[in-house]
Amino acid sequence: MANVIKIKKGLDINLKGKAPEVLLNCGKSETYAIVPDNYTGIVPKVVVKAGDKVKAGSALMVDKNRPEIKFVSPVSGEVIAVNRGEKRKVLSIEVKPEAKIEYEDFGKKEVSALDAESIKGILLEGGMWPFIKQRPYDIVANPADAPRDIFVTAFNSAPLAPDFDFLAKDEKENLQTGLEILTKLTAGKVYVGVKKNASSLNGMKGVEVVEFEGPHPAGNVGVQINHIRPVNKGEVVWTANATDIILMGRLFNKGVADFTRLVAVTGSEVKECGYVKAISGCTVKSILEGKIDPNAHLRIISGNVLTGMKVPFDGGYLGAYDCQVTVIPEGDDVNEFLGWAVPGFNKYSVSHSYLTWLCGKKKEYVMDARIKGGKRAMIMSNEYDKVFPMDIMPEYLLKAIISFDIDKMENLGIYEVAPEDFALCEFVDTSKIEIQQIVRNGLNLLYKEMN
Amino acid sequence: MKALRNYLDKIKPNFEEGGKFAMFRSVFDGFETFLFVPNSTSKTGVHIHDSIDSKRTMIVVVIALLPALLFGMYNVGYQHNLAIGANPGFWATFAFGLLAVLPKIIVSYVVGLGIEFAVAQWKKEEIQEGFLVSGILIPMIVPVDTPLWMIAVATAFAVIFAKEVFGGTGYNIFNVALVTRVFLFFAYPAAMSGDQVFVRTSDTFGLGAGQVVDGYSGATPLGQIAIAGKELIGNFQTVDVLGNPISTWDYFVGLIPGSIGETSVIAILIGAAILLFTGIASWKTMGSVFVGGAVMAAIFNMIGTTVAMTVSPIDHLFLGGFAFGAVFMATDPVTSARTETGKFIYGFLVGAMAVIIRVLNPGYPEGMMLAILLMNAFAPLIDYYVVEANVNRRLNRVKLNK
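Chains A and B, in that order, are what the protein sequence lines are. Start counting the first sequence at 1; every next residue gets the next number (this note's numbering). Start counting the second sequence at 452; every next residue gets the next number (this note's numbering).
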């Protein structure tokens, strides 16, 4: 019997546009790309040039500081462009796919016969390493570290998020292999956080399954760590998402880097929500074409509305970690007259100052991307605490980050958090402060300071 | 609305950097966001935001203050009529109060917002809404006969030295409205205390002229308690302006002399209900102020060596500015304790301190103002220890693991 941990604080935002469990058709993607901005804590060094032929699984770029970490092409074909922005920052490496994907062969492996070093080697070669992140700093893990434990979250509690049971339906075997890989990488335990009553992890061997019950962010791995076994100063734990573990398992079971996964198509502006089968790095156009109104003012998000990345319809790619695409109205053409004075039956708010809460919890809301207010100093207290289910004082930690007081940051728990843990704080904030950005910058700065 | 929007879009370039009226950029921006919810969209972080913003928050507080303000206006007229022995009916009574109070509201807003606008423009920031609340609190916590120029001077002092020098809304240590009040209290004591200031006996703009009746005294119940001698213990009785005895029920309803907005506990409780219901104010702070006051009053009851000590807990909570301070002043999120445990401690000490000052201090009949300001100064210290407890828990975790 698994443990059940009940999360009380948090918030489930009931948005319109949930994905029913149906498989939809997906268009053909004209190009595939890897986008360095999807990954944190790496410096991209491109190892191909336009015109090169690559296979699925061939390295396109590596981390400059740790060149053993490879980022591989999801498909086979020809590299058509390395797009660069200001200061020659790499924006994306584009690959034009062939009709039939040719895979780099890494060879089928029996996990039980391998030791940690060779497993690491295969993961690094096969481009699966970036799926393992580390706390502190929430960056791609350092292969040289020996993590205390490894935490895997096997559900996503964010608004409109895909249901992991559905994603993992036909992938049980790969999932089991993937988890077995992880058990080899740590001397500690592998903890898997699952939603209460979820079935996909039933019968998985070698791991500690912990059930979580409660609103978002119960599915955030950071919250799960804080409740299972918090990270202390000097410790390193690795984290991963079970959807990515499936891909790792596939690498060992089939011997190829196959980035195919189910992607939930969600959001109020999608005409037909559901799931599509796509390969990471495909264009969002291929997923959404025909499912949205091309003339409307829309915001397309790779990921969910809280932590996802805004991508353009033309030339936007599905992010490396994402199993979800969300489309909401942009809202920059809306002019709401005297918005602060209306009763607001339709305006979603956690505070009861709008009368929305009278409409009950069943009501689904359409929300656009407006910030809906000016940026202010922190005025209200206890706003963040209500949606931050960790034994950390978010307001004081944020203030320590803003003033970059390293001692205070350490004392208040900076090593335990990732920007995504603060997403709901940012959502409810009356003062409209860009909290996730503050946390990310703080973590980056601290990493520089410490290493 | 479309025409208005178009007009704003048309004149907007004038107010931007390099435009004709660039010096009024903040003011324009203030009015634009006042009229239309800003439609800028998120660039980093979350893609959706809660509908609440600081404008909505402040406006809810102002709405919560309205019952007390309207009742205060009526009570100003009511006390005046008692004093001159007239009874011109409900609307004339209210009109008298309205005319007496409105100039104070206008002065407080014009002076305070004027300074806010100027500072916002100078610092090239958006206008912040904090003063919408302070500006209406100020006229509600002064006696009706406070001269307008004093309010102007005190408001200017408070906004500049209690708020802007610290960085504006959200950064101030002391409650701005209370700093205004305390400035008036110490700079112009004659106009702020005593028997003569809480009831207007002269006319307002020619309305309600008359002669003060015999036996009139404008002392507030707290003022009467403060000067009552020891020989009155056991048979002390508060009276209204005509010398008729008044009871706890009268304190609750609020048709008694006092500062403009503070007298009616009923009206204040309506405001409290709005604040708690919308979640804008913390029930922890508000509740513990009342608990703190009641506990302290009960302790003094047990000693009972002066008239002030014998006042029952419930009377203490109803009299003077206690309820008003507990509901609208102590709960100011910026100046009160910000941690949840801290709020209980902070609130309790505000209540206890208010009663201590009332009972033990021979100089001031009322203690709420000073109690809140005192605890404003200590709120960061309370928070410090609450945060420290969290830090220690984390440090202990490391020790346990070793």
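The beta-carbon is built from N, C-alpha and C at its ideal position, and this holds for glycine as well.
Checklist entry - If we ignore side chains and look at the alpha-carbon of each, how far apart do residue 154 of chain A and residue 200 of chain A end up? => result 9 Å
Checklist entry - Of the choices A:162, A:261, A:161 and A:135, whose alpha-carbon is the least far from that of residue 152 of chain A? => result A:135
Item to check | Cross-strand partners of residue 59 of chain A (DSSP beta bridge) | outcome: A:72
Checklist entry - Since residue 729 of chain B meets chain A, which of its residues come closer than 7 Å, beta carbon to beta carbon? => result 351, 352 and 353
Next on the checklist: Buried or exposed, going by whether 16 or more other CB atoms sit within 10 Å of the CB of residue 675 of chain B?
Outcome noted: buried
Checklist entry - Under a Cβ-count criterion, where at least 16 other Cβ atoms within 10 Å of its own Cβ denotes burial, should residue 450 of chain A be classed as buried or exposed? => result exposed
Checklist entry - So, are the CB atoms of residue 144 of chain A and residue 492 of chain B less than 9 Å apart? => result no
Checklist entry - Which residues in the same chain as residue 766 of chain B place their Cβ atom closer than 7 Å to its Cβ, once the five residues preceding and following it in sequence are excluded? => result 699 and 702
Checklist entry - In chain order, what residues of the segment 470 to 497 of chain B put their CB closer than 7 Å to some CB of chain A? => result 484, 486, 487, 488, 489, 490, 491, 492, 493, 495, 496 and 497
Checklist entry - Is the Cβ of residue 455 of chain B closer than 9 Å to any Cβ of chain A? => result yes
Next on the checklist: Measuring CB atoms only, is the segment 544 to 556 of chain B touching the segment 584 to 599 of chain B, in the sense that at least three cross pairs come out at less than 8 Å?
Outcome noted: yes
Checklist entry - Quick one, are the C-beta atoms of residue 246 of chain A and residue 168 of chain A less than 9 Å apart? => result yes
Checklist entry - Where does residue 695 of chain B sit, in a helix, a strand or coil, going by DSSP? => result coil
Item to check | Chain-ordered chain B contacts of residue 437 of chain A [CB-CB under 7 Å] | outcome: 495 and 496
Checklist entry - What are the boundary residues of the alpha helix (DSSP H) that includes residue 632 of chain B? => result 627 to 638
Next on the checklist: 9 Å is my cut-off, CB to CB: does residue 579 of chain B come that close to chain A?
Outcome noted: yes
Checklist entry - residue 620 of chain B touches chain A at which residues, Cβ-Cβ below 9 Å? => result 376, 377 and 379
Checklist entry - Given a threshold of 16 other Cβ atoms within 10 Å of its Cβ, counted over all protein chains shown, does residue 695 of chain B qualify as buried or as exposed? => result exposed
Item to check | Alpha-carbon spacing of residue 564 of chain B relative to residue 814 of chain B, whole angstroms | outcome: 34 Å
Item to check | For residue 572 of chain B, the residue or residues it bridges with in DSSP | outcome: DSSP, once it has assigned bridges, lists no residue as partnering residue 572 of chain B.
Next on the checklist: At 4 residues or longer, what runs of the alpha helix (DSSP H) sit wholly inside the segment 130 to 183 of chain A?
Outcome noted: 164 to 167
Item to check | Beta-carbon neighbours of residue 518 of chain B, restricted to chain A and to distances below 8 Å | outcome: Neighbours of residue 518 of chain B on chain A: none; closest Cβ ~17 Å, over 8 Å.
Checklist entry - What residue range is occupied by the uninterrupted alpha helix (DSSP H) comprising residue 465 of chain B? => result 453 to 466
Next on the checklist: Along the segment 318 to 337 of chain A, where does the CB come closer than 9 Å to a CB of chain B? Name the residues.
Outcome noted: 326, 328, 330, 331, 332, 333, 334, 335, 336 and 337
Item to check | Straight-line Cα distance separating residue 62 of chain A from residue 47 of chain A | outcome: 7 Å
Next on the checklist: Based on DSSP bridge pairs, tell me the residues matched to residue 324 of chain A.
Outcome noted: A:264
Item to check | residue 114 of chain A versus residue 86 of chain A: straight-line alpha-carbon distance, rounded | outcome: 44 Å
Next on the checklist: Measuring straight from C-alpha to C-alpha, what distance separates residue 583 of chain B and residue 507 of chain B?
Outcome noted: 11 Å
Checklist entry - Touching or not, the segment 286 to 297 of chain A and the segment 316 to 332 of chain A, by the rule of three or more beta carbon pairs under 8 Å? => result yes
Item to check | Neighbourhood of residue 92 of chain A by C-beta distance below 6 Å, restricted to the same chain and skipping five residues each side | outcome: 33, 35 and 83
Checklist entry - If you draw a straight line from the alpha carbon of residue 542 of chain B to that of residue 533 of chain B, how long is it in whole angstroms? => result 15 Å
Item to check | Under 7 Å by beta carbon: chain A residues contacting residue 849 of chain B | outcome: 232 and 233
Next on the checklist: Only counting the same chain, and skipping five residues up and downstream in sequence, which positions put a Cβ closer than 7 Å to that of residue 692 of chain B?
Outcome noted: 530, 533, 534, 650, 667, 668, 669 and 708
Checklist entry - Along chain A, in chain order, which residues have C-beta atoms closer than 8 Å to that of residue 510 of chain B? => result 340 and 341
Item to check | Boundaries (first-last residue) of the beta strand (DSSP E) holding residue 193 of chain A | outcome: 190 to 195
Checklist entry - Using the C-alpha atoms, what's the distance from residue 776 of chain B back to residue 443 of chain A? => result 42 Å
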